[in-house]
Amino acid sequence: MGIAPPPEFTCRIEPIPEGSATINNSLYHDPEHAATWHAADTSRELATLRLLNSARIPYFDRIWRRQLLLGPARPGSFLEVGCGGGIASAALAQLGYHMTGVDPAVASLEAAREHARSCGLQERLTFVEGDAYDLSMFPEGCFDGVVMADVLEHLHDLPAAVSQAWRVLRPGGVLVFDTVNRTFASYVLAIAVAQEGLRMVPPDTHDWRLFIQPHELAFLLQASGFLVDVTQFRGMMPTFRLQRPFSGTVALAQALRAGAPPPMPISDFIEVPSLDVQYLGWALKPASSASDDTKPPGQFAPGELSQGLREYSRTR
Numbered sequence: 122m123g124i125a126p127p128p129e130f131t132c133r134i135e136p137i138p139e140g141s142a143t144i145n146n147s148l149y150h151d152p153e154h155a156a157t158w159h160a161a162d163t164s165r166e167l168a169t170l171r172l173l174n175s176a177r178i179p180y181f182d183r184i185w186r187r188q189l190l191l192g193p194a195r196p197g198s199f200l201e202v203g204c205g206g207g208i209a210s211a212a213l214a215q216l217g218y219h220m221t222g223v224d225p226a227v228a229s230l231e232a233a234r235e236h237a238r239s240c241g242l243q244e245r246l247t248f249v250e251g252d253a254y255d256l257s258m259f260p261e262g263c264f265d266g267v268v269m270a271d272v273l274e275h276l277h278d279l280p281a282a283v284s285q286a287w288r289v290l291r292p293g294g295v296l297v298f299d300t301v302n303r304t305f306a307s308y309v310l311a312i313a314v315a316q317e318g319l320r321m322v323p324p325d326t327h328d329w330r331l332f333i334q335p336h337e338l339a340f341l342l343q344a345s346g347f348l349v350d351v352t353q354f355r356g357m358m359p360t361f362r363l364q365r366p367f368s369g370t371v372a373l374a375q376a377l378r379a380g381a382p383p384p385m386p387i388s389d390f391i392e393v394p395s396l397d398v399q400y401l402g403w404a405l406k407p408a409s410s411a412s413d414d415t416k417p418p419g420q421f422a423p424g425e426l427s428q429g430l431r432e433y434s435r436t437r
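Sequential numbering of the sequence shown, starting at 122, is according to the numbering used here.
Here is the structure:
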């Protein structure tokens, strides 16, 4: 029997009703699950996401420094939306950025705060409860940069989230992100293998239908007033660590006794040209956003984005 992805949503960048996807975003509220953000074993649960930092953090840093003309001290104020356990925020704070992280999961925020304390980053790292659809706790235009790391593919209402990122960015500010492409390759690797086959993450951590193709995201960002060039996007892929002699056999035996799959030898991610599975990107909020033909961010009539995307796709 072949592997086939499920039927896609009619339009990924239109708001999708809550409950229509199988994704379980409540996982991050579970203290037991949230305790794995900073676990030593990066082959299981949320700790696997730390492996992405080796590719995405240098990319985010490179884009922010280049586009915002930052010096070595990385001055300014920066926000991570959907920060979870703070793995991206902490890595950026270690480079010198003053980061604020916002997330709705209290258990994950506690893990993030504890990690910040253990790393001595309290002066550059703050965490606030909130979600991607409502950043009203922050004034308009108060951040130089916004990062959305491994969060876009969890959202049902992408226009609302993009609108909020636009609002809190100052003119000339830069949004950076990483997410997952909706392709056959991503279904096989992220869903069939990692989620369902090897159980590297809990069931329903992801729903393939919520993954976002680069041209879809680029169109939504442009329609919301951002300047974006999809040719500047970059892909990510994992490397594989070499195991010591017999270590793989021992791990397999231990996993079989425990009734669990063996740990995968996946190691740090690297930046690659292909966007087929996971990709990185950025978008600029223009220094002057007054434009007669640009709607206020997030103000789209039902079906308007779907129609616009079809026209945009024909011109690619």
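Note that the Cβ used here is the ideal one computed from N, Cα and C, for glycine as well.
Using a C-beta cut-off of 8 Å, the region 293-309 makes contact with the region 252-270, since at least three inter-stretch Cβ pairs fall below that distance. In terms of CA proximity to Gly222, Ala233 leads the group Arg330, Leu191, Ser345, Ala233. Looking at the DSSP output, Ile387 shares a beta bridge with Phe361. Counting only residues of its own chain and dropping the five nearest sequence neighbours on each side, Asp325 has a CB closer than 7 Å to the CB of Thr143, Ile144, Asn145.
Checking the DSSP bridge columns, you'll see Asp252 partnered with Asp255. Straight-line measurement puts the Cα of Leu426 at about 45 Å from the Cα of Ser239. Comparing alpha-carbon positions, the option among Thr169, His275, Leu342, Ala211 lying closest to Asp389 turns out to be Thr169.
Take the alpha-carbon of Cys204 and the one of Leu430: they are about 29 Å apart. The beta strand (DSSP E) runs of length 3 or more contained entirely in the region 127-203 are, from start to end of the chain, 199-202. The DSSP-derived three-state label of Tyr433 is helix. Leaving aside the five residues that flank Leu348 on each side, the residues in its chain whose CB is nearer than 7 Å to its CB run, in chain order, Ala404, Leu405, Pro407. Close CB contacts of Asp328 within its chain, under the 6 Å cut and outside five residues either way in sequence, are with Ala142, Thr143, Ile144 (chain order). In the pairwise beta carbon analysis, the region 181-193 is classified as not touching the region 245-260: fewer than three pairs are separated by under 8 Å. Counting only runs of 3 or more residues that sit fully inside the region 264-336, the beta strand (DSSP E) segments are 264-270, 290-301, in chain order. Assigned with DSSP and collapsed to three states, Gln243 falls in coil, not helix or strand. In the three-state reduction of the DSSP assignment, Glu261 falls in the coil class. One alpha carbon belongs to Leu246, the other to Thr360, and they sit about 29 Å apart.
For Ser434, the CB contacts under 7 Å within the same chain, skipping 5 residues up- and downstream, are His336 in chain order. Under the DSSP assignment, Gln215 falls in the alpha helix (DSSP H) whose first and last residues are 208-215.
Pro136 is a Cβ neighbour of Asp278, given a cutoff of 8 Å. Gln428 has its alpha-carbon roughly 43 Å from the corresponding atom of Ala156.
Pairing Ala228 with His150 gives a Cβ-Cβ distance under 8 Å.
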